[in-house]
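Worksheet for the structure shown next.
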Amino acid sequence: MLPARPAGMVCDVEVAGGEEVISLSGVLIGDVWICSGQSNMEQSMANIMNSTEEIDMSASYNLIRYMVVNNAASGDASDNLDVDVAVPWSDPSSPNLKSMSAVCFLFARNIQDMMTYEGDAIVPMGMVDSDWGGTPIESWSNQASLDVCGIPQKGCKDLKERLSRS
């Protein structure tokens with residue numbers, strides 16, 4: 413576990429395990445938000461009203477970073493997360509912003525606007541876009557969690573069948 417760092421700090425991080433070393437530079441310390449959901453969350457910045465103006469205006473929000481993960485289905489719950497990244501961590505001036513979830517990114521902008529309005533220090537925000545339109549809500553939970561609530565995982569089985577046919 414890393415020691416706590418003040419929000420807004422930029423640092424380099426090196427993680428070593430066995431023979432492997434991963435180095436990250438320019439890491440901005442702040443809050444990380446996972447934006448998951450279905451078709452509303454999947455709507456991209458490129459497909460919203462006034463998209464060109466909104467994307468251009470977003471470039472000034474330099475304390476927001478975002479990434480987009482590819483859709484992937486798994487029939488097994490696992491603690492090992494192997495994420496297929498569609499758009500790596502980027503800042504809002506990147507041309508990749510057009511593929512980011514509009515709900516997710518505009519939420520971050522709104523939070524930072526409210527912090528500014530209230531006179532609070534702006535906390536950097538890392539936004540992770542992980543959404544899949546048309547998926548049943550049951551497919552976002554493992555069977556053990558659904559069992560606690562007495563919910564069958566029919567939707568997940570239907571999704572797996574659809575994916576196996578495509």
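Start counting the sequence shown at 413; every next residue gets the next number (the numbering used here).
All residues carry an ideal CB built from backbone N, CA and C; glycine is no exception.
In whole angstroms, what separates the C-alpha of residue i from that of residue j?
| i | j | result |
| --- | --- | --- |
| Leu414 | Met537 | 18 angstroms |
| Cys561 | Cys447 | 23 angstroms |
| Gly531 | Ala428 | 40 angstroms |
| Asp444 | Met539 | Sequence check: residue 444 is Val here, not Asp. Val444 and Met539: Cα-Cα distance of roughly 6 angstroms. |
| Glu465 | Arg477 | 19 angstroms |
| Ala458 | Phe517 | 12 angstroms |
| Ser553 | Ser435 | 32 angstroms |
| Met479 | Ser511 | 10 angstroms |
| Ser486 | Gln555 | 12 angstroms |
| Met461 | Gly420 | 31 angstroms |
Among the options, whose alpha-carbon lies nearest the alpha-carbon of residue i?
| i | options | result |
| --- | --- | --- |
| Met453 | Val560, Gly562, Asp541 | Asp541 |
| Ser513 | Gly430, Ser437, Ser456 | Ser456 |
| Ala475 | Ser511, Pro418, Ile441 | As written in the sequence, residue 475 is Leu, which differs from the Ala given in the question. Nearest C-alpha to Leu475: Ile441. |
| Arg417 | Glu431, Gly430, Val439 | Val439 |
Given residue i, which residues of its chain have a CB within under 8 angstroms of its CB, disregarding the five upstream and five downstream residues?
| i | result |
| --- | --- |
| Asp496 | Val481, Asn482, Ala484 |
| Val433 | Glu426, Val427 |
| Val422 | Gly438, Val439, Leu440, Ile441 |
Suppose the cutoff is 7 angstroms on Cβ atoms and the five residues either side in sequence are ignored; what does the same chain contact list for residue i look like?
| i | result |
| --- | --- |
| Thr528 | Ile534 |
| Asp525 | none |
Residues in the same chain with beta-carbon distance under 6 angstroms from residue i, minus the five sequence neighbours each way, listed in chain order, please.
| i | result |
| --- | --- |
| Trp544 | Asn483 |
Determine, using beta-carbon pairs with one atom in the stretch 502 to 520 and one in the stretch 468 to 479, whether at least three such pairs fall under 8 angstroms. Counting Cβ pairs under 8 angstroms, three or more are found: they touch.
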